[in-house]
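> This is the structure I have questions about; it appears just below.
2 protein chains.
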Amino acid sequence: MDLNLQTYTQHFDNHLYLESGRILESYDITYETYGTINEEKSNVIVVCHALTGSHHAAGIYEDERKSGWWDGLIGSHKAIDTDKYFVICTNVIGSCFGSTGPISVRKPHDELYRYKFPVITIKDMVKAQRILFDRLDIHRVEAIIGGSMGGMQALTFSVLYPNFAKKIIALATTHATQPWAIAFNKVASEAILKDPDFKQGYYDPEILKESGLTGMAIGRMAGHISFLSHESMSEKFGREYKRTDGLYELFGKFQVESYLEYNGYNFTKWFDPLTYLYITKAINLYDLARGFDSLKDALKKVTAQVHLLSFSNDLLFRDFEMKKIDDTLNEIGYKKHSYINVQSDYGHDAFLVELDKFQHHIKDALDA
Amino acid sequence: MDLNLQTYTQHFDNHLYLESGRILESYDITYETYGTINEEKSNVIVVCHALTGSHHAAGIYEDERKSGWWDGLIGSHKAIDTDKYFVICTNVIGSCFGSTGPISVRKPHDELYRYKFPVITIKDMVKAQRILFDRLDIHRVEAIIGGSMGGMQALTFSVLYPNFAKKIIALATTHATQPWAIAFNKVASEAILKDPDFKQGYYDPEILKESGLTGMAIGRMAGHISFLSHESMSEKFGREYKRTDGLYELFGKFQVESYLEYNGYNFTKWFDPLTYLYITKAINLYDLARGFDSLKDALKKVTAQVHLLSFSNDLLFRDFEMKKIDDTLNEIGYKKHSYINVQSDYGHDAFLVELDKFQHHIKDALDA
Numbered sequence: 001m002d003l004n005l006q007t008y009t010q011h012f013d014n015h016l017y018l019e020s021g022r023i024l025e026s027y028d029i030t031y032e033t034y035g036t037i038n039e040e041k042s043n044v045i046v047v048c049h050a051l052t053g054s055h056h057a058a059g060i061y062e063d064e065r066k067s068g069w070w071d072g073l074i075g076s077h078k079a080i081d082t083d084k085y086f087v088i089c090t091n092v093i094g095s096c097f098g099s100t101g102p103i104s105v106r107k108p109h110d111e112l113y114r115y116k117f118p119v120i121t122i123k124d125m126v127k128a129q130r131i132l133f134d135r136l137d138i139h140r141v142e143a144i145i146g147g148s149m150g151g152m153q154a155l156t157f158s159v160l161y162p163n164f165a166k167k168i169i170a171l172a173t174t175h176a177t178q179p180w181a182i183a184f185n186k187v188a189s190e191a192i193l194k195d196p197d198f199k200q201g202y203y204d205p206e207i208l209k210e211s212g213l214t215g216m217a218i219g220r221m222a223g224h225i226s227f228l229s230h231e232s233m234s235e236k237f238g239r240e241y242k243r244t245d246g247l248y249e250l251f252g253k254f255q256v257e258s259y260l261e262y263n264g265y266n267f268t269k270w271f272d273p274l275t276y277l278y279i280t281k282a283i284n285l286y287d288l289a290r291g292f293d294s295l296k297d298a299l300k301k302v303t304a305q306v307h308l309l310s311f312s313n314d315l316l317f318r319d320f321e322m323k324k325i326d327d328t329l330n331e332i333g334y335k336k337h338s339y340i341n342v343q344s345d346y347g348h349d350a351f352l353v354e355l356d357k358f359q360h361h362i363k364d365a366l367d368a
Numbered sequence: 369m370d371l372n373l374q375t376y377t378q379h380f381d382n383h384l385y386l387e388s389g390r391i392l393e394s395y396d397i398t399y400e401t402y403g404t405i406n407e408e409k410s411n412v413i414v415v416c417h418a419l420t421g422s423h424h425a426a427g428i429y430e431d432e433r434k435s436g437w438w439d440g441l442i443g444s445h446k447a448i449d450t451d452k453y454f455v456i457c458t459n460v461i462g463s464c465f466g467s468t469g470p471i472s473v474r475k476p477h478d479e480l481y482r483y484k485f486p487v488i489t490i491k492d493m494v495k496a497q498r499i500l501f502d503r504l505d506i507h508r509v510e511a512i513i514g515g516s517m518g519g520m521q522a523l524t525f526s527v528l529y530p531n532f533a534k535k536i537i538a539l540a541t542t543h544a545t546q547p548w549a550i551a552f553n554k555v556a557s558e559a560i561l562k563d564p565d566f567k568q569g570y571y572d573p574e575i576l577k578e579s580g581l582t583g584m585a586i587g588r589m590a591g592h593i594s595f596l597s598h599e600s601m602s603e604k605f606g607r608e609y610k611r612t613d614g615l616y617e618l619f620g621k622f623q624v625e626s627y628l629e630y631n632g633y634n635f636t637k638w639f640d641p642l643t644y645l646y647i648t649k650a651i652n653l654y655d656l657a658r659g660f661d662s663l664k665d666a667l668k669k670v671t672a673q674v675h676l677l678s679f680s681n682d683l684l685f686r687d688f689e690m691k692k693i694d695d696t697l698n699e700i701g702y703k704k705h706s707y708i709n710v711q712s713d714y715g716h717d718a719f720l721v722e723l724d725k726f727q728h729h730i731k732d733a734l735d736a
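Chains as they are written, first to last, in the numbering used here: chain A, 1 to 368; chain B, 369 to 736.
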């Protein structure tokens, strides 16, 4: 069957009360759907995106060459089968692909939020989605699935709205962001903030997208290191040199350097730097146990099936971080959970790249 | 006995023929010695420094608070016992602590080299040291010891001048720099080059040291990630926040962020950015096998005892990179070598920080 890709934006006039105590007066949420909802609205699957992702998880737009970020996973006869399920993916609050974020226009001032945008947490992202689903008259879903920051949202759903989803499938994520990940985000935020073209947040987003913010490119290069692994880099690039006759030139480049340059600078053409600061802040702040006495106490809320998939060589969110969730669920005597450490040398990005290694686990969990 | 710290600078008027085919017309080498040389000159130990190190490996200068970078290891009754050994540590060619490098004055032009400085390799650093030792009438030494880039020099000595040292002790290093390490260096070099205050290499070194090059600070933050480990960061910083009331502020800081800021910006006060580009280039280019058919062929040159110490959680130069040297020596039937993988969660910097975990191995190797 056809993917039936639909893109919508909904506007909300009610305040969104944030974890920080601040409010977002009014806001938009952009989302995409695939497949067809059944009459009982009982075939809904929510997919949550990562740091730089968007609502565009599957399919391909007419004017573009690249398909959605989990296109290999979502579609007819794929692991998340759109012949059977109605899939929703929303752009998170704070992002820059249609939902309200720091470079959205702030009503009634008619200027961009910039630093007036409040700090957003993963809980806030989840709460905003929940309000959207309410409006769509969806009060219980089959599953919530996400990797990396998407996994943080899925797990937060399970604690914040225990009855909302039957199943939670979280990949390549953690119970609380560790200093190693915060450190990589720090390199990026510092590089963005100190770039003179960033103009202390008062840049023109259109111009900056044209020119490309060097600081964000540099920060993204550091990010790309954290998404890969020693092994996958050696495999991908070895010590290959771009031009062998440039070996002894100061600016001669190894292949890995060209890769980082290309991906770093290309990134500045499609992502916004203020948004990068806000979303990495949300990731840094993520801690399932916040507001509870302990992780144990937080997980006592859970009633959904919880399926955890870590990747053995994920250096950003280490396998033992996800195992800790599994161990804690065992500790409190919770039965409905599974944990698989997918063997992979790739690194964190395995959840986007090595679908063959884990898509059957997602299918199994959905079929369970 | 007294450490007998002495600092010297020697000038060389003969050309240094470099691996690139270029020449360094004349140059200085600054070095430091500890202990006393015996009559037969048979008690010499060479210590080699890492990326940002200097000849100042031990002892403390009158006007400073910090002692040399391996002070815990070098001294009276220490693992490298200066009551017994005469220790020499030279500042490598290309560095900025007295030996000739890119911000040295280029004779007879009386201007700084800057980009006119030729690319230097680890082999070149080793060759320049050998020429210095010749002048000092030292033709054979007891041992050459170094960690990280210092270990690269020690290993290069063993292949380039097989009869020069009786023993080679290399720590936290590799047979060839892998793309993971090159990638971290890339973040730093890009951040330096793109900083407007770097002025495309035509900055005033004195002014830059005062003001601190932001780009280099950012690059150094990335470096600090690579020197530590996920585990040591979690241990050191956890999710501690600098001010808890700043939790929901965009610029509120986690402890790990403050640590990176402090070390990143402080670094710019004592290290030069052009030098950082040249030395990281030397590290990137390092490959023991270059000029040979294979690593095996290179190691066939070795006649010294080779003692290899890796650190189990070194993420910059992984333990299996050093094990490969050990395996290759076994393959060619070489007997005089040992390999120990020191168990440590600290990361790469363990070779500077966790002396207690390995100093007895150095003592054992020297006593052997």
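Built from N, CA and C at the ideal position, the CB exists for glycine as well.
Nearest by alpha-carbon distance to Phe86 (chain A): which of A:Cys96, A:Tyr113, A:Ala58 and A:Asp110 is it?
For this step, residue 86 (chain A) is matched to residue 86 along the first sequence. Minimum Cα distance to Phe86 (chain A) is reached at A:Ala58.
> Kindly confirm or deny that the stretch 614-622 of chain B and the stretch 551-559 of chain B touch, where touching means at least three C-beta pairs closer than 8 Å.
Short answer: they don't touch.
> Given that a residue counts as buried once 16 or more other Cβ atoms are within 10 Å of its Cβ, and exposed if not, what is Pro108 (chain A)?
Sequence index remark: in the first sequence, residue 108 (chain A) carries index 108 (1-based). Label assigned to Pro108 (chain A): exposed.
> Give me the Cβ distance between Gly201 (chain A) and Tyr115 (chain A), rounded to the nearest whole Å; I'm assuming they're in contact under 8 Å.
Position 201 of the first sequence, counting from 1, holds the residue named residue 201 (chain A). Position 115 of the first sequence, counting from 1, holds the residue named residue 115 (chain A). Correct: roughly 5 Å between the Cβ atoms.
> For His307 (chain A), I'd like the list of residues in its chain whose CB is within less than 6 Å of its CB, leaving aside the five on either flank, ordered along the chain.
By 1-based counting over the first sequence, the position of residue 307 (chain A) is 307. Answer for His307 (chain A): Ile169, Ser338 and Ala365, listed in chain order.
> Cβ closer than 8 Å: which chain A residues qualify as neighbours of Tyr483 (chain B)?
Working through the second sequence from its first residue, we reach residue 483 (chain B) at position 115. By Cβ distance, chain A contributes Leu250.
> List the residues of chain B whose Cβ lies closer than 7 Å to the Cβ of Asp287 (chain A), in chain order.
For this step, residue 287 (chain A) is matched to residue 287 along the first sequence. Those within 7 Å of Asp287 (chain A) in chain B are Arg607.
> Going by DSSP, name the residue or residues bridged to Ile122 (chain A).
The count along the first sequence starts at 1 and reaches residue 122 (chain A) at position 122. Paired residue(s): none; Ile122 (chain A) is not in a bridge.
> Please list the residues of the stretch 524-538 of chain B that have a C-beta atom closer than 9 Å to any C-beta atom in chain A, keeping them in chain order.
Result list empty, no residue passes.
> Quick one: list the residues of chain A neighbouring Arg686 (chain B), beta-carbon separation under 7 Å, in chain order.
For this step, residue 686 (chain B) is matched to residue 318 along the second sequence. Correct list: His230.
> Is the CB of Glu190 (chain A) under 8 Å away from at least one CB in chain B?
Here residue 190 (chain A) refers to the residue found at position 190 when the first sequence is read from its first residue. So yes, Glu190 (chain A) belongs to the interface.
> If you run the structure through DSSP and keep just helix, strand and coil, what is Asp367 (chain A)?
Taking the first residue of the first sequence as position 1, residue 367 (chain A) is located at position 367. Looking at Asp367 (chain A) - three-state DSSP - the assignment turns out to be helix.
> What residues from chain B crowd round Ala222 (chain A), counting only those whose CB sits closer than 7 Å?
Within the first sequence, numbered from 1, the residue matching residue 222 (chain A) stands at position 222. Simply Val555 and Ala590.
> Taking the beta carbon of Trp180 (chain A) as the centre, do at least 16 other beta carbons fall within 10 Å, making it buried, or is it exposed?
Taking the first sequence and counting its residues from 1, the one referred to as residue 180 (chain A) is at position 180. Buried.
> From this set, A:Pro205, A:Ile182 and A:His77, which residue's C-alpha is nearest Tyr34 (chain A)'s C-alpha?
The residue labelled residue 34 (chain A) in the question sits at position 34 within the first sequence. Comparing Cα-Cα distances from Tyr34 (chain A) to each of A:Pro205, A:Ile182 and A:His77, the minimum goes to A:His77.
> Output needed in chain order: residues of the stretch 38-56 of chain A with a Cβ under 9 Å from some Cβ in chain B.
Under the 9 Å Cβ criterion, the stretch 38-56 of chain A contributes no residue.
> Which residues in chain A sit within 9 Å of Met601 (chain B), going by Cβ to Cβ distance?
Residue 601 (chain B) sits at position 233 when you count from the first residue of the second sequence. Simply Gln178, Pro179, Trp180, Ile182 and Ala183.
> Quickly, what does DSSP pair Cys169 (chain A) with across the bridge? List them, please.
Taking the first residue of the first sequence as position 1, residue 169 (chain A) is located at position 169. The sequence as given places Ile at residue 169 (chain A); Cys does not occur at that position. In DSSP, Ile169 (chain A) forms a bridge with A:Ile145 and A:His307.
> So Thr648 (chain B) packs on Leu419 (chain B), CB below 8 Å; how close in whole Å?
Taking the second sequence and counting its residues from 1, the one referred to as residue 648 (chain B) is at position 280. Taking the second sequence and counting its residues from 1, the one referred to as residue 419 (chain B) is at position 51. That belief holds up - the Cβ atoms of Thr648 (chain B) and Leu419 (chain B) are roughly 7 Å apart, short of 8 Å.
> How long is the line joining the alpha carbons of Lys704 (chain B) and Leu663 (chain B), rounded to whole angstroms?
Within the second sequence, residue 704 (chain B) is the residue found at index 336, counting from 1. Within the second sequence, residue 663 (chain B) is the residue found at index 295, counting from 1. Their backbone Cα atoms lie some 17 Å apart in a straight line.
> Show which residues of chain B have a CB atom less than 7 Å away from the CB atom of Lys281 (chain A).
Locating residue 281 (chain A) in the first sequence gives position 281, counting from the first residue. Simply Leu618.
> Whose Cβ in chain A lies nearer than 7 Å to the Cβ of Thr582 (chain B)?
Indexing the second sequence from 1 puts residue 582 (chain B) at position 214. Those are Lys194, listed as they occur along chain A.
> At a CB distance below 7 Å, what residues from the stretch 254-271 of chain A approach chain B? Give them in sequence order.
Flagged, chain order: Phe254, Val256, Glu257 and Leu260.
> Would you check if the distance between the CB atom of Leu468 (chain B) and the CB atom of His423 (chain B) is smaller than 8 Å?
Here the question's residue 468 (chain B) lines up with position 100 in the second sequence. Here the question's residue 423 (chain B) lines up with position 55 in the second sequence. Position check: residue 468 (chain B) holds Thr in this sequence, whereas Leu was assumed. No, the pair does not count as a contact, with Cβ atoms beyond the cut-off.
> For Phe525 (chain B), which of helix, strand or coil comes out of DSSP?
Walking along the second sequence from the start, residue 525 (chain B) turns up at place 157. Helix at Phe525 (chain B).
> Compare the Cα-Cα distances from Arg390 (chain B) to each of B:Asn698, B:Tyr609 and B:Thr489 and report the closest residue.
By 1-based counting over the second sequence, the position of residue 390 (chain B) is 22. When each option's Cα is compared against that of Arg390 (chain B), the closest is B:Thr489.
> Per DSSP, what are the beta-bridge partners of Gln6 (chain A) in this structure?
Position 6 of the first sequence, counting from 1, holds the residue named residue 6 (chain A). According to DSSP, which records beta bridges pairwise, Gln6 (chain A) is partnered with A:Thr33.
> Cα separation between Gly701 (chain B) and Phe688 (chain B)?
Within the second sequence, residue 701 (chain B) is the residue found at index 333, counting from 1. Within the second sequence, residue 688 (chain B) is the residue found at index 320, counting from 1. In a straight line, the C-alpha of Gly701 (chain B) is about 19 Å away from that of Phe688 (chain B).
> Does any CB atom of chain A fall closer than 8 Å to the CB of Asn709 (chain B)?
Along the second sequence, one-based indexing puts residue 709 (chain B) at 341. Taking Cβ atoms only, chain A never reaches closer than 8 Å to Asn709 (chain B), which makes this a no.
> List in chain order: all unbroken beta strand (DSSP E) runs of 3+ residues lying wholly within the stretch 681-724 of chain B.
For the stretch 681-724 of chain B, whole beta strand (DSSP E) runs of length 3 or above, ordered along the chain, are 705-710.
> Pick helix, strand or coil for Asn396 (chain B), following the three-state DSSP scheme.
Against the second sequence, residue 396 (chain B) aligns to sequence position 28. The displayed chain sequence assigns Asp, not Asn, to residue 396 (chain B). Residue state, collapsed to three classes: strand.
> Under 7 Å Cβ-Cβ, which residues of chain B neighbour Asn284 (chain A)?
On the first sequence, position 284 is the one that residue 284 (chain A) refers to. Going along chain B in sequence order, the residues near Asn284 (chain A) (Cβ under 7 Å) are Phe622.
> Just the chain B side, please: which residues come within less than 7 Å of Ser20 (chain A) by C-beta, in chain order?
Walking along the first sequence from the start, residue 20 (chain A) turns up at place 20. What Ser20 (chain A) touches in chain B: Tyr616.
> Would you say Leu277 (chain A) faces chain B, with C-beta separation under 8 Å as the test?
By 1-based counting over the first sequence, the position of residue 277 (chain A) is 277. By this cut-off, Leu277 (chain A) is an interface position.
> So, with DSSP's three-state summary, where would you put Arg243 (chain A)?
Residue 243 (chain A) sits at position 243 when you count from the first residue of the first sequence. Coil.
> Starting from the beta carbon of Val119 (chain A), find every residue of chain B whose beta carbon is closer than 8 Å, and list them in chain order.
Along the first sequence, read from residue 1 onward, the residue named residue 119 (chain A) stands at position 119. The answer, in chain order, is Tyr616, Glu617 and Leu618.
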